[in-house]
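Protein chains in written order, with the numbering used here: chain A, 595 to 851; chain B, 5 to 434.
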């Protein structure tokens with residue numbers, strides 16, 4: 595990696611909120627601009643360069659015409675980083691993967707559905723190899739800076755492999771289960787400082803499952819609180835559809851929705 | 005000498021949110037093609053809402069857009085609340101207004117300073133400005149951070165809000181939070197004044213084309229949430245009748261639908277709000293408008309950016325007023341207002357940074373069965389194209405590069421939010 599690596603940002607199907615969070619991170623850590631040279635960031639600058647060492651990609655691959663540009667980015671960049679849940683896990687874009695695609699298109703675009711190219715939503719890694727990912731919807735700005743520092747130092751980014759509950763306990767939050775709400779904290783990867791439970795809502799799993807999620811134990815927690823297992827697992831259909839469908843495909847994630 | 009033939013093909017316009025192309029084709033002095041192509045991928049948000057519990061709608065729809073996440077969440081909550089007969093408390097209404105100002109400031113500062121100002125200052129982005137005019141960039145970052153911190157104190161974060169829920173909030177700012185915010189807002193008046201002065205110096209193109217301007221309106225406040233639809237061509241509609249105002253239609257070069265009301269097109273956004281509701285602006289915002297030489301009705305679309313500057317003044321002043329009201333009342337941890345029923349239909353409407361936004365849901369037994377969202381940028385597309393058609397013949401004597409820049413600046417002036425708009429639909433209510 596050169597002293598001041600050239601960095602480019604790209605977006606596919608997404609809300610561009612993760613790139614906005616990058617802009618917000620620069621508010622807090624302007625020194626980052628000294629460490630890298632941003633050569634492409636369509637949302638914020640007119641210059642466009644195809645010479646870059648690091649590519650951050652936001653968004654999912656949702657149509658055949660997304661594949662060639664993704665492969666071109668892979669060829670040019672030494673490091674490809676999936677930025678946020680849509681790129682990392684398919685995110686909310688994958689909700690429609692469980693529905694009939696033709697019916698979905700017709701619902702939105704009526705008899706003009708054929709005008710608009712689409713297929714089931716996939717994470718970037720389903721199309722090209724990636725070197726790292728930054729989870730979350732949106733990404734956490736502190737984690738973004740931490741991971742960029744790791745990458746600049748040539749180290750593999752460290753992500754927590756414990757559940758959100760650990761961070762939530764450290765924050766001394768009242769468990770949302772005790773307030774009669776459901777929460778995916780026990781099976782979701784930490785690193786967000788348990789922001790949703792801290793602001794009174796249950797975890798929605800946007801950062802993805804921890805490496806070995808104990809779904810059985812989660813069931814017990816639900817039963818102890820007299821809560822419906824179905825109601826909690828329905829939450830996995832918001833950000834985790836792609837991951838759950840993959841688990842179902844290999845048989846260790848019996849359809850639990 | 006005028007160019008007999010000009011071809012402009014801007015692939016993926018920069019410094020806008022989402023993906024759009026400008027295609028202009030002039031042959032022998034005749035305008036053959038003039039399109040703003042929307043090439044964003046279809047998102048299918050509405051179809052994904054179907055079958056989900058009503059409480060999730062605002063979390064899913066805030067993901068339509070990272071910039072107007074609070075606006076989408078607010079319109080979504082109002083649609084659900086009207087469908088289910090939920091009456092938010094006075095405190096909820098005040099907190100939502102204050103939160104909304106945070107998003108309006110964040111978005112307007114981003115657009116005016118980081119997306120538009122570089123054109124007027126002759127640079128390609130805000131990054132070279134950091135070297136040549138660091139005080140301008142630092143001011144923008146300071147104002148943006150205040151806006152973001154305001155939203156964070158009220159709803160956890162601006163992208164994507166957490167504590168906003170049907171019937172109220174799940175988290176509340178402390179007295180100390182509000183006092184600190186109020187102080188920072190008061191301290192930011194100097195930055196606001198400098199912002200007005202900056203745009204006083206910037207030269208924007210002189211181009212006028214009258215059109216219909218539509219915005220939400222209330223007689224007793226400069227309206228961002230609820231209200232009636234009001235047009236500068238005359239006419240007032242309850243938001244429930246939005247379809248008779250938007251009259252959507254599909255065009256092949258855009259994955260976002262076009263709209264029209266009483267003319268071939270209409271405009272929404274800061275300039276439309278300014279033209280419709282000038283009287284309701286905070287006195288200090290009117291003062292800024294006078295200084296900026298803005299008097300309704302303004303018919304130069306490039307001045308949408310200046311109308312945003314006027315709204316920055318309004319939002320900072322009104323946010324101070326709202327902090328005072330909340331501090332005087334004292335914020336209490338209240339449970340969200342409960343639904344009166346679990347089935348119904350409702351329309352929620354907000355004037356978000358880029359214009360009037362509609363969310364319309366049908367809910368049956370607590371689950372969403374039908375959804376329709378109409379987004380500001382979609383409503384502006386036909387109007388931008390008509391502006392381009394009027395503008396191009398008047399600037400054919402310029403170089404290809406200058407023509408392209410003038411068109412890019414025009415599109416950018418509308419502050420288009422393309423990932424928002426590219427999921428419009430023919431709705432079917434079941």
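Beta carbons: idealized from backbone N, C-alpha and C, even for Gly.
Interface flag for residue 95 (chain B) against chain A is unset, since no Cβ pair is found closer than 9 angstroms. The continuous beta strand (DSSP E) containing residue 242 (chain B) extends over residues 240-242. Annotation: residue 77 (chain B) to residue 737 (chain A) spans about 25 angstroms, alpha carbon to alpha carbon. Contact of residue 47 (chain B) with chain A is assigned, a C-beta pair being separated by under 9 angstroms. Near chain B, meaning a CB-to-CB distance below 8 angstroms, the residues of the stretch 720-739 of chain A are 731 and 732. Annotation for residue 314 (chain B): the continuous alpha helix (DSSP H) segment containing it runs 308-333. Chain A has no Cβ within less than 9 angstroms of the Cβ of residue 354 (chain B). DSSP, read as helix, strand or coil, puts residue 253 (chain B) in strand. Under the Cβ distance rule, residue 129 (chain B) counts among the residues neighbouring chain A, one pair being separated by less than 9 angstroms. Between the stretch 694-703 of chain A and the stretch 673-680 of chain A there are fewer than three inter-stretch CB-CB distances shorter than 8 angstroms, so the stretches are not counted as touching. Chain A has a Cβ within less than 9 angstroms of the Cβ of residue 56 (chain B). Straight-line spacing of the CA atoms in residue 323 (chain B) and residue 107 (chain B) works out to 11 angstroms. Runs of the alpha helix (DSSP H) lying entirely within the stretch 85-116 of chain B and spanning at least 4 residues, in chain order: 94-113.
The alpha-carbon separation between residue 37 (chain B) and residue 30 (chain B) amounts to approximately 7 angstroms.
Rounded to the nearest whole angstrom, the CA to CA distance from residue 828 (chain A) to residue 171 (chain B) is 22 angstroms. Secondary structure in the stretch 366-412 of chain B: the beta strand (DSSP E) runs of 3 residues or longer, each lying completely within the stretch, are 371-378 in chain order. Between the stretch 642-656 of chain A and the stretch 601-616 of chain A, the count of Cβ pairs shorter than 8 angstroms is three or higher; the stretches touch. Straight-line measurement puts the Cα of residue 310 (chain B) at about 7 angstroms from the Cα of residue 203 (chain B). Fully enclosed alpha helix (DSSP H) runs of no fewer than 4 residues occupy 179-191 and 193-205 of the stretch 171-216 of chain B, in order along the chain. Close partners of residue 52 (chain B) in chain A (Cβ separation under 9 angstroms): 686, 687, 689, 690, 693 and 698. For residue 163 (chain B), the chain A residues whose C-beta falls within less than 7 angstroms of its own C-beta are 611, 614, 615 and 732, listed in chain order. Using a Cβ distance threshold of 9 angstroms, residue 781 (chain A) and residue 803 (chain A) count as a contacting pair. Sixteen is the threshold: since fewer than 16 other Cβ atoms of the shown chains lie within 10 Å of the Cβ of residue 766 (chain A), the residue is exposed. Unbroken beta strand (DSSP E) runs of no fewer than 3 residues, entirely contained in the stretch 618-651 of chain A, are found at 631-635, following chain order.
The shortest C-alpha to C-alpha distance from residue 234 (chain B) to any of B:299, B:74, B:360 and B:334 is the one to B:360.
Put simply, the stretch 304-320 of chain B touches the stretch 108-121 of chain B. At least three CB pairs are less than 8 angstroms apart. Residue 414 (chain B) sits close to residue 209 (chain B), with the two beta carbons spaced by under 9 angstroms. At least one C-beta of chain A is nearer than 9 angstroms to the C-beta of residue 118 (chain B). The way I'd put it, the stretch 271-280 of chain B does touch the stretch 214-221 of chain B; three or more beta-carbon pairs between them come closer than 8 angstroms. Residue pairing by DSSP places residue 605 (chain A) opposite A:652 in a beta bridge. Annotated three-state conformation of residue 169 (chain B) is strand, per DSSP. In the same chain as residue 342 (chain B), and ignoring 5 residues on each side of it, the C-beta atoms closer than 8 angstroms to its own belong to 90 and 171, in chain order.
Counting along the chain, the unbroken alpha helix (DSSP H) around residue 814 (chain A) starts and ends at 809-818.
With a 10 Å radius around the Cβ and a threshold of 16 neighbouring Cβ atoms, residue 843 (chain A) comes out exposed. Think of a sphere of 8 angstroms around the beta carbon of residue 793 (chain A): the chain B residues whose beta carbon falls inside it are 159, 160, 166, 167, 174 and 175, in chain order. Sixteen is the threshold: since fewer than 16 other Cβ atoms of the shown chains lie within 10 Å of the Cβ of residue 338 (chain B), the residue is exposed.
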